[in-house]
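The opening position of the sequence shown corresponds to residue 1 in our numbering, with each subsequent residue numbered one higher.
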Amino acid sequence: MRKMTIAQIVGSLLAVGAVVPGGFLASEHFRAYELIWLIPFLPAFTVTFFWIVIVMVSHFIAADSYKDPKAIAQAKSFLTFFDWLFFAVIAGFVLAGWFLYEYFSA
């Protein structure tokens with residue numbers, strides 16, 4: 001497994017877990033306790049979407065039946081861009097979770 005993949009798995013779990021304390025405080029503030037179940041779904045669905053795209057492109061690159069070097073080069077550059085975009089999205093969710101926690105704990 002690539003180091004990037006391990007970092008993405010850890011980041012994904014961190015992103016989903018980071019919004020739970022802030023979401024809990026927000027749901028207490030608004031007295032809408034169903035929010036605690038809804039808030040982690042946004043990062044979870046987003047992470048799932050990114051994983052589906054990353055796995056699809058990785059399998060396309062690994063496929064031996066398709067030997068177009070230009071297409072494989074484009075897929076590799078797309079995968080590199082998407083890997084870093086994924087980290088940016090994870091960082092955004094972690095920051096959003098921190099903001100929710102700080103805002104509603106004051």
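Just so it is clear, CB atoms sit at the ideal spot from N, CA and C, and this is done for glycine as well.
- Assigned with DSSP and collapsed to three states, residue 40 falls in coil, not helix or strand.
- With at least 16 other beta carbons inside 10 angstroms of its own, residue 101 counts as buried.
- Here the alpha carbon of residue 27 sits roughly 47 Å from the alpha carbon of residue 71.
- Going by C-alpha positions, residue 58 is about 43 Å away from residue 29.
- In this structure, residue 18 and residue 94 form a Cβ contact; the two beta carbons are roughly 5 Å apart against a cut-off of 8 Å.
- Per DSSP, residue 67 is not a residue of any alpha helix (DSSP H), being assigned neither H nor E.
- Rounded to the nearest angstrom, the Cβ distance from residue 15 to residue 90 is 5 Å, consistent with a contact under 8 Å.
- Residue 32 has its alpha-carbon roughly 44 Å from the corresponding atom of residue 77.
- Closest by C-alpha distance to residue 49, out of 68, 96, 12, is 12.
- By the Cβ-count criterion, residue 10 is exposed, with fewer than 16 other Cβ atoms from all chains shown falling within 10 Å of its own Cβ.
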